[in-house]
Amino acid sequence: MIFGFAVTVAVAATLVALWSFVQSARNRLPDKPLLIGIAIVEVLLVVQLVIGIVLLVGGDRPGSLATYLAYLIGSLVVLPVGAAWALAERSRSSTAVLGIACIAIPVMVLRLNEVWSGATA
Numbered sequence: 116m117i118f119g120f121a122v123t124v125a126v127a128a129t130l131v132a133l134w135s136f137v138q139s140a141r142n143r144l145p146d147k148p149l150l151i152g153i154a155i156v157e158v159l160l161v162v163q164l165v166i167g168i169v170l171l172v173g174g175d176r177p178g179s180l181a182t183y184l185a186y187l188i189g190s191l192v193v194l195p196v197g198a199a200w201a202l203a204e205r206s207r208s209s210t211a212v213l214g215i216a217c218i219a220i221p222v223m224v225l226r227l228n229e230v231w232s233g234a235t236a
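Residue numbers (the working numbering): 116 to 236.
See the structure below:
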């Protein structure tokens, strides 16, 4: 994995999470700008997926291929599921759900980089 890009993804997700929590504290529903922020993070995750696949095709191998692929693909699912939930139940708590989904992304990206570096536990 490219460490600098992983940091970019993690920072972007953290900023959108903070934005979500502030909106939730202000009793705001998920709005279009917040959903655009979520979409930008998702695009970054898709780019991360492409980078990961290119590195695998190029011959590089993570510590555990199955775990690596699970985090790589799993990170793509978290935000759409959170957004679907938030759009289905438009309330203050759904804005918090978006924040929680975004907080999961830096954790998954960190673990993805650990697995790439050879950590399997």
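Even for Gly, the Cβ is constructed at its ideal location relative to N, Cα and C.
| query | result |
| --- | --- |
| Residue range of the alpha helix (DSSP H) that includes MET223 | 207–232 |
| Helix, strand or coil at GLY174 [DSSP, three-state] | coil |
| As assigned by DSSP and simplified to three states, the class of LEU144 | coil |
| Validate contact between the stretch 137–155 and the stretch 183–193 using beta carbons, cut 8 Å, 3 pairs | no |
| Backbone CA spacing between ALA132 and ILE218 [nearest angstrom] | 6 Å |
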